[in-house]
Each structure stands twice: as structure tokens, then as C-alpha cells.
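Remember, the numbering used here sits 19 above the position in the sequence shown when you count from 1.
No residue lacks a Cβ here, since even glycine has one placed at the ideal position from N, Cα and C.
What follows is a set of notes on a single structure, which appears directly below.
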Amino acid sequence: MVLSMQFQTAALARYPQAITELAVFALAFSTYGLFNASMNFTAQLSNVYARSVEGSRRCHKFVFSASICVMLPLLVIAHTDAGSAAISNLYSIDDNLTARVTEYLVYLAPLILLRAERFYLTGLLVQARLTGWVTVSNAVYLVAVVCGLLIGFSSGFKPVYVLVGADAVAITIQVGFTLWIRRRYYRLPKPLEHENLSYRELASFFIPVSTTGVMFALSRPVLFAFVSRTPEGIVAIAAMRVAFDFSSIFQQAANQFRHFFVTFGLDDLERKRRFMIFVCAGLTGMMLLFAMTPLSNWVWQDLMQIPDEIRVLSVQLVLVMCLMPSVILFRNYFHGRLMVERRTTGMAVGGVLRVAAIYLMAQGLFAIGLLNYLTASIVLILGFVVESLVVMRVAVQKGQT
20 MVLSMQFQTA
30 ALARYPQAIT
40 ELAVFALAFS
50 TYGLFNASMN
60 FTAQLSNVYA
70 RSVEGSRRCH
80 KFVFSASICV
90 MLPLLVIAHT
100 DAGSAAISNL
110 YSIDDNLTAR
120 VTEYLVYLAP
130 LILLRAERFY
140 LTGLLVQARL
150 TGWVTVSNAV
160 YLVAVVCGLL
170 IGFSSGFKPV
180 YVLVGADAVA
190 ITIQVGFTLW
200 IRRRYYRLPK
210 PLEHENLSYR
220 ELASFFIPVS
230 TTGVMFALSR
240 PVLFAFVSRT
250 PEGIVAIAAM
260 RVAFDFSSIF
270 QQAANQFRHF
280 FVTFGLDDLE
290 RKRRFMIFVC
300 AGLTGMMLLF
310 AMTPLSNWVW
320 QDLMQIPDEI
330 RVLSVQLVLV
340 MCLMPSVILF
350 RNYFHGRLMV
360 ERRTTGMAVG
370 GVLRVAAIYL
380 MAQGLFAIGL
390 LNYLTASIVL
400 ILGFVVESLV
410 VMRVAVQKGQ
420 T
């Protein structure tokens with residue numbers, strides 16, 4: 020799924036003023052992601068609770084209502100002067116860049132509804148262990164995104180129309196395809212569960228994990244808000260966008276271990292831990308291979324045509340981000356346990372403390388003049404370390420380690 024971001028980056032790199040285009044999209048997508056991230060655990064919600072006809076119906080209705088509630092504040096920001104002022108003050112950007120960012124938000128906001136539907140359906144497929152079809156569905160999405168980007172760019176459309184339009188069409192196609200898979204192959208688990216599911220029970224599970232998602236998405240805007248105030252801030256943000264999105268390919272692989280424990284339970288943890296270590300070594304090795312060999316030049320310079328000024332900084336950032344899969348897997352080991360045990364409040368606490376730690380460290384480095392693209396990335400990783408230690412403490416308070 021996150022591979023599509025690489026194609027978005029490649030499209031933006033081909034526009035005049037590519038550095039500015041990359042920075043504008045980074046700021047806009049980070050702001051949008053702050054709202055959209057609250058729906059990121061929808062797949063886990065449907066995996067856990069949509070296990071009967073009535074449970075599925077209520078879960079789906081809850082997801083739709085939640086996505087509406089999440090979308091509305093973003094629309095207010097995108098369409099009002101107060102929202103524009105907030106964006107301008109947060110990122111310390113001029114009126115022209117602010118207008119560009121809010122224009123993206125106008126078109127990105129409705130995608131929250133589509134993504135929520137996609138997450139809900141994905142959770143059902145994972146629940147039924149139809150993960151091969153999840154891969155096929157994501158491949159359909161990727162092909163549709165690439166086609167949309169090629170058509171939009173070759174037609175000379177504005178970047179906002181090309182990027183958001185391609186994404187919207189691709190998600191719509193993916194949702195339709197996933198609905199077809201569900202009708203053809205999905206079966207409710209046996210025995211049936213949650214036939215008397217209440218919206219209060221859904222909210223008690225979803226709100227803490229939703230907070231966790233929001234805190235995850237808040238990390239980038241917090242860093243961007245400080246980095247934008249440094250010399251060459253726009254260049255640094257553009258480089259961070261390229262490197263962070265590339266690293267997200269591997270982080271998202273690590274994030275799937277939340278499903279791992281919900282689907283397979285908490286038995287035989289020793290074997291599961293060994294499997295996670297094996298996966299972690301593979302992900303880290305691939306990132307190192309990319310950053311330390313000519314592969315990065317071939318992908319970012321020859322294929323994607325990233326400006327050299329951005330490419331050099333991005334390679335350095337990826338080397339730092341090689342630490343992230345280990346931290347994410349360690350955190351998600353305990354996230355998975357907390358979701359299985361329905362103790363998701365600890366996840367929210369960890370997410371809040373992560374953002375607080377990132378803010379305090381970024382503020383301190385900015386105050387003494389040491390904040391730059393590299394130290395900001397280190398701060399991001401240390402924030403996740405803080406969160407991991409918090410959720411570990413919560414998880415081990417009950418049960419075996």
C-alpha cells in the first residue's frame with residue numbers, strides 16, 4: 020500500500036519547483052494523516068468484533084459514523100480562514116504555501132470515508148485468513164494509482180488533481196473489488212461471537228486505539244512544525260517526506276503484527292517471537308541494502324528523478340530510519356497482546372507520551388540550535404522507544420512476557 024507513495028513522490032519530482040511541490044504535499048498529507056490515522060485501526064476493530072451478522076452490522080455502522088465525525092473537522096480547516104491561519108502558524112509558511120496546503124485538504128478530506136470502508140473490509144478478510152486476497156486487492160490499488168498518476172501527469176493537470184484524483188479512483192476501485200471478494204469467499208467465523216454487541220463496547224475498544232493512530236500521525240506534523248523554522252526548512256521537509264515514506268514500506272510490514280496476535284492468539288509466544296525477530300532482520304537488511312548500495316541512486320535518481328539536493332539528504336535519513344523496524348516490532352508485540360486482551364487504553368497512553376516526548380526533545384534541540392533533518396529523525400525514533408517502554412510496562416502487568 021505505501022509503495023504508492025513512492026509513485027506519488029516520483030510524479031511530484033517531475034513538476035517545476037519539485038522541492039516546493041514535495042514539501043507542500045508533505046505538509047498537506049501529514050495534516051490529513053492526523054485525522055485519517057484515527058481510522059487506521061478499523062481493520063483491527065472489524066477483525067475483533069465483526070464475528071456475527073448483528074456484530075458485523077453494528078461494527079460497520081459504527082465505522083461509517085466515526086469516519087463522518089473525523090472528516091468534518093478537516094473540512095472546517097480546509098474551508099475556513101481560521102483553518103488557514105492555523106496551518107500558516109503551525110508550519111510557519113507564507114500565504115501562498117498555506118493556500119496550496121489547504122487546497123490539498125479540500126480534496127483529501129472525503130478520502131477518509133473511502134479509506135474507512137477499505138479498512139473495515141480488510142479486517143474481515145484478515146479475520147477469515149484471506150490474506151492472499153488482501154495482497155491482490157492492494158496490488159489492484161497500486162496499479163490503479165500508477166495509471167491515474169500517469170494519465171493525470173501526461174494530461175498536464177495540477178499536482179493536487181493528479182495525486183488526490185489518482186488516489187480517490189484507486190481506493191474506489193479497491194473497495195469495489197474487496198466487496199466482490201467478501202461476497203464470494205468470506206464466511207463468518209464459528210462459533211459466532213458478539214451477537215449482542217453494543218456501540219459502547221465498540222467505542223471503548225476503538226477510542227483508545229484511535230488515539231494511538233492519531234498520536235502516530237501527529238509525530239510528523241510536530242517535527243515538521245519545528246524543522247520548518249530552521250534554515251533550509253523546506254528542503255529538509257522535502258527530504259524527510261521522501262525518506263519517511265520509503266521507510267514506511269518496512270514499518271507497515273512490521274505493523275501487520277497487530278493482526279498477527281488477533282488472528283493467531285497468544286499461545287506459543289516463544290515461536291512467535293522468533294518469527295518476529297526473523298522478519299525484523301529481513302526488513303532492516305533490505306533498508307541497509309537500499310541505503311548503502313547504488314540501489315538508492317538507481318531508484319531515486321534514475322527512476323524517480325528526485326533532485327540531487329533532496330536525494331543525498333534522504334539516503335542519510337534512511338540509514339537512521341533503519342532502526343525503526345526493530346522499535347516498531349517491539350512495540351507491536353505488546354500492542355497485539357493488549358488488543359487480544361481488550362486492554363487498549365494502554366496503547367493510547369503510550370501514543371500520547373510518545374508525542375509528548377517528541378515535542379519536548381524537538382523543542383529542546385531547536386532551542387539550542389541542534390535541530391535538523393537528522394536529529395529530527397533520531398527524535399522520531401526515540402519517541403517510539405518511549406511508547407514501546409510504556410506499552411511493555413502495561414502489557415506485563417498482566418500475564419506472561
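Our two residues, Val188 and Ala257, have alpha carbons roughly 26 Å apart in a direct line.
Residue state for Ile190 is assigned as helix, using DSSP reduced to three classes. In this structure, the straight-line span from the alpha carbon of Val72 to that of Ala135 is close to 19 Å.
Scanning its chain for C-beta atoms nearer than 6 Å, with the 5 sequence neighbours on each side dropped, one finds around Val413 the residues Gly365, in chain order. Of the candidates Tyr126, Phe276, Met58, Arg290, the residue whose Cα lies closest to the Cα of His354 is Phe276. Approximately 13 Å separates the beta-carbon atoms of Cys341 and Thr312; this is outside 8 Å, ruling out the contact.
One alpha carbon belongs to Ile38, the other to Ile329, and they sit about 8 Å apart. Where Gln36 is concerned, there is no enclosing alpha helix (DSSP H), because DSSP gives it neither an H nor an E.
Here Pro344 is buried: its Cβ has 16 or more other Cβ atoms, across all protein chains shown, within 10 Å. For the pair Val334 and Ala300, the CB atoms are not nearer than the 7 Å cut-off. Separation of Thr150 and Phe280 (C-alpha to C-alpha, rounded to the nearest whole angstrom) is 14 Å. Residue range 72 to 98 is occupied by the alpha helix (DSSP H) that includes Met90. In this structure, Phe26 lies away from Val194, with their beta-carbon atoms at least 7 Å apart. DSSP, reduced to helix, strand and coil, places Thr150 within a helical segment of the structure shown. The C-beta of Gly175 has fewer than 16 other C-beta atoms within 10 Å across all chains shown, which makes the residue exposed. In the three-state scheme derived from DSSP, where H, G and I count as helix and E and B as strand, Met323 is classed as coil.
Under the three-state reduction of DSSP output, Ala128 falls in the coil class, being neither helix nor strand. Of the other Cβ atoms in all chains shown, fewer than 16 fall within 10 Å of the Cβ of Trp199; this residue is therefore exposed.
The DSSP-derived three-state label of Ala69 is coil.
Judged by their CB atoms, Ser247 and Ser111 are nearer to each other than the 7 Å cut-off.
In the three-state scheme derived from DSSP, where H, G and I count as helix and E and B as strand, Cys299 is classed as helix. Around the C-beta of Asn108, fewer than 16 other C-beta atoms lie within 10 Å, and the residue is accordingly described as exposed. DSSP places Val413 in the helix class (H, G or I) of the three-state scheme. Taking Leu133 as the centre and dropping the five residues before and after it, the same chain places the C-beta of Ala187, Ile190, Thr191, Val194 closer than 8 Å to its C-beta, in chain order. Within a 10 Å sphere around the beta-carbon of Ala69 sit 16 or more other beta-carbons, which makes this residue buried. Around the beta carbon of Ile253, 16 or more other beta carbons sit within 10 angstroms, so the residue counts as buried. Where Arg260 is concerned, the enclosing alpha helix (DSSP H) starts and stops at 252 to 274.
Annotation: Ser266 to Leu307 spans about 11 Å, alpha carbon to alpha carbon. The shortest CA-to-CA distance from Ile96 to any of Cys78, Asp113, Thr117 is the one to Thr117. Taking a cut-off of 8 Å for Cβ pairs, the region 370 to 380 and the region 226 to 239 touch, as three or more such pairs fall below it.
If you ignore the 5 residues before and after Val183, its C-beta comes within less than 8 Å of the C-beta of Tyr123, Tyr126, Leu127, Leu130, all in its own chain and listed in chain order. DSSP, reduced to helix, strand and coil, places Tyr205 outside both helices and strands of the structure shown, so it counts as coil. With contacts defined by Cβ atoms closer than 7 Å, Ala255 and Ile347 do not form a contacting pair.
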